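Remember, the working numbering sits 2 above the position in the sequence shown when you count from 1.
The beta carbon of each residue, even a glycine, is placed where N, CA and C say it ideally should be.
Source: prediction; values computed, not measured.
Single-structure report; data block below.
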Amino acid sequence: MRLAAKLGLPKVDAVDWNENAPGDEKSYDFSAWADAHGRGDELKALIAKGQAAANAEAARKRCLPVAAWMSEINSPASLAEFAA
């Protein structure tokens, strides 16, 4: 809340990760939506890209101190890669 105030934001939306998201589970069935709208392959490719990145990051984290993780994931190259 202090950050929101400092940034002059008019409100803060709280998220409760201990409970289910609002709405029913069907509302969050992204695979079904993508398939129904002809974008199933696109979603699968996006998921595969994310999983490959997560696997590579997990492998690096096993060998590096936390400070190195933070430097790496906040590097201009890393930020540009995930913005694309």
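Asked	Found
Where the alpha helix (DSSP H) through Asp31 begins and ends	Looking at the DSSP string, Asp31 is not in any alpha helix (DSSP H), and its letter there is neither H nor E.
For Leu66, three-class secondary structure by DSSP	coil
Collapsed DSSP secondary structure at Leu45 in the structure displayed	helix
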